[in-house]
Structure formats: C-alpha cells, structure tokens
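Here you go:
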C-alpha cells in the first residue's frame, strides 16, 4: 500500500501480470460496449437533441411573437418591432387570414350552438 492509493496493496510481479491479463481481456469488451453506446447515442438520441433544440427555439420565438407584452422581460429581442415589421410587410394577407379565421370560428360556434340545442331538446323530451 502507498499513501497515494491506500486501498490498493502492492502486487507481486505475478500479481501484476495477472492483473494486466485481466485488464487486457476486459478492454475489447469495454471497447465493444462503448461503440454500442456511442452508436445508440448517435443514431437514437442525437436526432432528438437537434429537434428538441429547434423546438425550444421555435417555441420561444412563437411565444414572443404571440405575446403583445413584448416577450419575457429579460429577453434580448423586441418582438413588438418584429410583429410590426411582419404586419407592415404582409398586412393584406394577415387581414385576409384573420377574417377567414373569424369566419371559420363563427361556423364552429354555430355548429356548437346547434349541437347544444339538440342536446337541450333531447334532455327536455327525456323528462
């Protein structure tokens, strides 16, 4: 035993050779295992790291564009300016899309009212 490695006793020459043989037999198994792990990491996980990064980026961007408060207070981008620039450059398309969105929402609400009226009529007739 040494002060540097107090838990490891000094080995005899025969013990050192045996320990080296054990380590040498272990090395190919370890290399194979590491190649498998790295292969799995590269093929199975790396795709999600990249897509997760872009998903986080997209979500942060979308949150900033949707939030008329200007995004997170500590955020470095001024989303108000971005929204204004997008609106100025695409006003006609945005207004048209918003109008169509309102028409679609109105139709959805009409269908929901009809469904609720039918349920109400059914409930009234059931009692």
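Numbering (my numbering), first residue to last: 699 to 825.
C-beta atoms are modelled at their ideal positions from N, C-alpha and C, and glycine is treated no differently.
Note that the structure is a prediction, hence the values are computed from the model and not measured.
Quick test of your reading: residue 763 and residue 777, contact by CB under 8 Å. State the CB separation rounded to the nearest angstrom. Rounded to whole angstroms, the Cβ separation of residue 763 and residue 777 is 6 Å, and the two are in contact under 8 Å.
Is residue 707 helix, strand or coil when you go by DSSP? DSSP places residue 707 in coil when its eight states are reduced to three.
Rounded C-alpha distance that separates residue 782 from residue 788: Taking the straight line joining both Cα atoms gives about 10 Å.
I believe residue 728 touches residue 717 by the beta-carbon criterion, under 8 Å. Please report the beta-carbon distance rounded to the nearest angstrom. The Cβ separation is near 15 Å, so there is no contact.
Distance, Cα to Cα, residue 731 vs residue 707? C-alpha separation (whole angstroms): 29 Å.
Three-state secondary structure (DSSP) at residue 815? Here residue 815 sits in helix by DSSP.
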